[in-house]
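First the structure, in the form of structure tokens, and then the observations on it.
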């Protein structure tokens, strides 16, 4: 078995280092993608709630529901916590107590795993079409509540006889917007030809990592699945130095930062500032110290939020709001529909601070309490902040935010705007950044911040410690300049 | 750091292989323990609920509560699930929404870690005195709700400047008896002399493992903490065969089964029937498939349960009951008190089936849905069954139970009766067994059963996958005959 687990990780590593695609160059892929965008008709229009079909405000609670009782509802929650500056508040939240599937099919060509990706339209996307996993299916999707077609390729994620499940993990969604929502993040391997439908194509992981440098190109569902791709540890290379491994693999074209990233991926307890036992102890102490109670309340009872004909929003602050849209599409399962979406008023920021400690690159991670979390705390990036402008205007202290706002260009290792899920969120954009501090830069850590190697983040990620902001930002980090 | 994490595990391995104690032999320890039992006065008497002091049935709900509102309450729950033969029921449950500390201090003498253990009386113990961790403290304990003394040694578990936290994990309690209860399981190291109070003594891990072969000697809290003791993996010995390692360590006095146990502890994905990714996939699929909703209801509303002057019990079946006791003690923080306890009508059974697969010993593990679980499913031993006689009389099918009932003596690798926590349970006893099948014995696995190596169980245990039955039975497995 070992050879298998090891070789799976090594194969994925090779794919991450490969941008040559036997079917199409990245440029050719982009032409194809642009053509897809032009071919397909898609329009999204904000409408008053009263024009929603099949969605209504339930009389007693004023919760926003679908007539079938499926999909999701917009409800209220009342929060009490002892974490952070705001300890009591009420807000609307999406309740979707179903586990969906976000899945990518892989197949090896010339010994390199390729990923079957989809050019998919979502109503909330700023640019409508984004690169998506093979399958993103809610349970309502595949039990066909909306009466559409069964999503293509779903069978490979439901039947172990049709594929090999390489990655299959429950991972959470945004704890500030979803109540305890999780999806199954899956990567399954096929070893024979499968039909490639219109709108789908094979890409290497290296190609996808390259596309992740562009704004709003690779969608959130793809990013969370890609964050779960297993990578080898140093044991798998008998302790060889990272640079030598890249030479051995014939892939030594990385820049200095990419090499540091690779070395940090290989580094577990051996070269880490904290052992895994110490990280677990830190996490245990914080879970013991902080509590949060989340009471479900009727949407109509949520204080400081108001409903107009066209939106449910905070009375004073530019936070998110609930809106309704009408959608017409040429390629989706159903050709036209209406639905609610959550709209963000302002751009957010997700950022990792990186720094070498004893020569090994570390990420600064944050333990964060959010109301939708299943178990109090998940691990977020250094900064995970919505409505950045508003918070700056209010003078709210967000630890380390200024490091990103004021980052010198020599510190910036990654910067792109990425979209949150376009099936639930309308133009919800976050600036995603990685900034690298000098080994000599001393920074003081609040108790809920800790340094980890990339290898440690990966290891804990598979057990569900990392929140969606960490995962989607983590996926953006590539191994090539 | 690596050396440190590695060397901590290797030190604990040495302690597990060591029965020579520089302070006292195991025989001398037993004399001391017997003397402790004789020295101390302790009496426990069942009383009517009306004689409880500071505990009362709350008027509206008839929940059983402490006057302070602290400690725990006995409430009702209503369960709906799609798992198992019984899919709807109601029952009383202990609600204690506080995280306590179960902790052991270690210190190295002659390079071998010793564990500071306590001869501790608990009202629910069949034999009153059992070997316990250095500290077992509820939050009510150390915030001194009962007005007693602060538990000794607690400071070493609260203040990182006074000790080194080697193990510090949140671990769950019985999901059939407690509502989402967890404790911090801790092992902390001191590197200087500390006062050894009356009732405390230093033991090696090998000595404690030997005492675990006796009935009702090492208490549940000690067993769960000991299950978290880190052991090395094969990488830490550069892939040397298990037998050679034992020879190198000068500890090759193990029998064949102990050597297999050691080899299995070293075995992770390399020599396992399922890789960790496959185990996580199995667990993910089951969490997606099964659901359980647990609704808190007033104790008075629990159907099929009745309350008399002296107990709350099921109308027909010999399940657990709630009783009240009066306690008098010479050594505890408070000298006399009354409290409720949960009494088990019959003995239960916890058992691992072991079997070699491709030459490596595996444990048969069970994914189990229980109402008190924090996240639907935890991993239980092959068999984890309360009230065994009753279930057999009813003809209820409990998978693999018969393998234990009918085990031939040549198959039995471990068998002892162990007590559940005596501070909450009155005479709650489980037969703990390990039976070893032949490599050629074919057994068919229901979907929620899977083979794992001991190394894999340990690895997942630290992330909270293993329920208390798995952990306490796992702790009973030693490395010497």
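Residue numbers (my numbering), protein chains in the order written: chain V, 1 to 481; chain A, 482 to 962.
All residues carry an ideal CB built from backbone N, CA and C; glycine is no exception.
Quantities reported herein were computed from a predicted structural model and do not represent experimental measurements.
Amino acids of chain A, ordered along the chain, whose beta-carbon sits closer than 7 Å to that of residue i
{"i": "residue 5(V)", "result": "750, 756 and 758"}
{"i": "residue 490(V)", "result": "Not covered by the structure: residue 490(V). The range shown for chain V is 1 to 481."}
Proximal residues of chain V, C-beta to C-beta of residue i below 8 Å
{"i": "residue 580(A)", "result": "287 and 288"}
{"i": "residue 1048(A)", "result": "Summary: the structure shown does not reach residue 1048(A), with chain A confined to residues 482 through 962, and so no result is reported for it."}
{"i": "residue 716(A)", "result": "235"}
Collapsed DSSP secondary structure at residue i in the structure displayed
{"i": "residue 740(A)", "result": "helix"}
{"i": "residue 482(A)", "result": "In this prediction, residue 482(A) scores a pLDDT of 39, lower than 50, which makes its location untrustworthy; no coordinate-derived value is stated."}
{"i": "residue 240(V)", "result": "coil"}
{"i": "residue 457(V)", "result": "helix"}
{"i": "residue 440(V)", "result": "coil"}
{"i": "residue 863(A)", "result": "coil"}
{"i": "residue 950(A)", "result": "helix"}
{"i": "residue 728(A)", "result": "helix"}
{"i": "residue 760(A)", "result": "helix"}
{"i": "residue 289(V)", "result": "helix"}
{"i": "residue 849(A)", "result": "strand"}
{"i": "residue 269(V)", "result": "helix"}
{"i": "residue 956(A)", "result": "helix"}
{"i": "residue 870(A)", "result": "helix"}
{"i": "residue 445(V)", "result": "coil"}
{"i": "residue 140(V)", "result": "helix"}
{"i": "residue 780(A)", "result": "helix"}
{"i": "residue 638(A)", "result": "helix"}
{"i": "residue 802(A)", "result": "strand"}
{"i": "residue 172(V)", "result": "strand"}
{"i": "residue 326(V)", "result": "strand"}
Chain-ordered neighbours of residue i on chain A, where CB pairs are closer than 8 Å
{"i": "residue 230(V)", "result": "758"}
Proximal residues to residue i (C-beta, below 7 Å), its chain only, five neighbours per side dropped
{"i": "residue 341(V)", "result": "123, 124, 323, 325, 424, 425 and 426"}
{"i": "residue 564(A)", "result": "771, 773 and 850"}
{"i": "residue 175(V)", "result": "370, 371, 372, 373, 378 and 467"}
{"i": "residue 403(V)", "result": "353 and 435"}
{"i": "residue 261(V)", "result": "361, 454, 477 and 479"}
{"i": "residue 723(A)", "result": "740, 743, 744 and 747"}
Residue i: contacting residues in chain V (beta-carbon distance under 7 Å)
{"i": "residue 762(A)", "result": "165 and 168"}
Sequence-distant residues of its chain with Cβ nearer than 8 Å to residue i (five each side left out)
{"i": "residue 462(A)", "result": "Since the displayed chain A opens at 482 and closes at 962, residue 462(A) lies outside it and no answer follows."}
{"i": "residue 100(V)", "result": "136, 137, 138, 139, 141, 183 and 184"}
Same chain, Cβ closer than 6 Å to residue i, neighbours up to 5 away in sequence not counted
{"i": "residue 824(A)", "result": "802, 804 and 907"}
{"i": "residue 271(V)", "result": "360"}
{"i": "residue 126(V)", "result": "216 and 427"}
{"i": "residue 560(A)", "result": "570, 775 and 852"}
{"i": "residue 422(V)", "result": "122, 124 and 125"}
{"i": "residue 178(V)", "result": "94 and 372"}
{"i": "residue 245(V)", "result": "237"}
{"i": "residue 548(A)", "result": "535"}
- Item | Against chain A: residues of the segment 158-184 of chain V by CB proximity under 8 Å | Those residues of the segment 158-184 of chain V that come within reach of chain A (Cβ to Cβ, closer than 8 Å) are 165, 166, 167, 168, 169, 170 and 184.
- Which parts of the segment 3-87 of chain V are runs of the alpha helix (DSSP H), unbroken and 4 residues or longer, counting only runs that do not cross its ends? Every unbroken stretch of the alpha helix (DSSP H) spanning 4 or more residues and falling wholly within the segment 3-87 of chain V is given here in chain order: 26-39.
- Task: Please list the residues of the segment 452-480 of chain V that have a C-beta atom closer than 9 Å to any C-beta atom in chain A, keeping them in chain order.
- Result: Here the close residues are 460, 462, 463, 464 and 465.
- Query: What are the residues of the segment 806-838 of chain A that lie near chain V, defined by any Cβ-Cβ distance shorter than 8 Å?
  - Reply: Nothing from the segment 806-838 of chain A brings a Cβ to less than 8 Å from some Cβ of chain V.
- Query: Which runs of the beta strand (DSSP E), 3 residues or longer, sit entirely within the segment 813-846 of chain A?
  - Reply: Listed in chain order, they are 817-824 and 829-838.
- Task: Please go through the segment 673-718 of chain A and give each complete alpha helix (DSSP H) segment of 4 or more residues, from N-terminal end onward.
- Result: With a minimum length of 4 residues, the continuous alpha helix (DSSP H) runs that stay inside the segment 673-718 of chain A are 686-692 and 701-707.
- Every unbroken beta strand (DSSP E) inside the segment 87-131 of chain V [3 residues or more]: 88-95, 100-109 and 112-121, all fully within the segment 87-131 of chain V.
- Query: What residue ranges within the segment 881-909 of chain A form continuous beta strand (DSSP E) runs of no fewer than 3 residues, ordered along the chain?
  - Reply: Counting only runs of 3 or more, we get 893-900.
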